[in-house]
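Asker:
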Amino acid sequence: MNYRHIVFSSLITSVIGILFALVVLKVAAPPFQSQRYQQLTQSYPWIGAVSGLAAGASVNAVFQLKSQRDRLGE
6 MNYRHIVFSS
16 LITSVIGILF
26 ALVVLKVAAP
36 PFQSQRYQQL
46 TQSYPWIGAV
56 SGLAAGASVN
66 AVFQLKSQRD
76 RLGE
């Protein structure tokens with residue numbers, strides 16, 4: 006497996022997750038929020054980053070393992 010490719014893919018999807026979380030934060034923000042919900046919305050980019058990192062790494066690892074299995078099967 007190419008670990009550099011997995012790290013690069015996970016970082017890119019992490020950035021995409023952050024951007025998606027920021028868009029959701031701006032679009033779905035109600036005009037008035039309590040202090041508790043304001044603190045929750047500040048963690049949306051972190052949630053997006055971690056989920057993007059996990060999704061990117063797992064999808065890329067599965068893709069590489071599948072291509073490796075296909076090469077060995079030939």
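FYI, in my numbering the residues of the sequence shown are 6 to 79. The beta carbon of each residue, even a glycine, is placed where N, CA and C say it ideally should be. It should be emphasised that the depicted structure is a prediction, and the values quoted were computed from it without experimental measurement.
Return the chain-ordered list of same chain residues with a C-beta closer than 6 Å to the C-beta of residue 56, the five sequence neighbours on each side being excluded.
Answerer: Closer than 6 Å at the Cβ level, and outside the excluded window around residue 56, lie 22.
Asker: Here's the rule I'm using: 16 or more other beta-carbon atoms within 10 Å means buried, otherwise exposed. How should residue 54 be labelled?
Answerer: It is buried - the Cβ of residue 54 has at least 16 other Cβ atoms within 10 Å.
Asker: Determine the direct distance from the alpha carbon of residue 7 to that of residue 78, and round the result to whole angstroms.
Answerer: Spanning the two alpha carbons is a distance of roughly 19 Å.
Asker: Taking C-beta to C-beta, are residue 49 and residue 26 nearer than 7 Å?
Answerer: It is a contact, given that the beta carbons lie within the stated cut-off.
Asker: Let me check understanding here. Comparing Cα to Cα, which of 59, 11, 47 lies closest to residue 30?
Answerer: Here the closest residue by C-alpha is 47.
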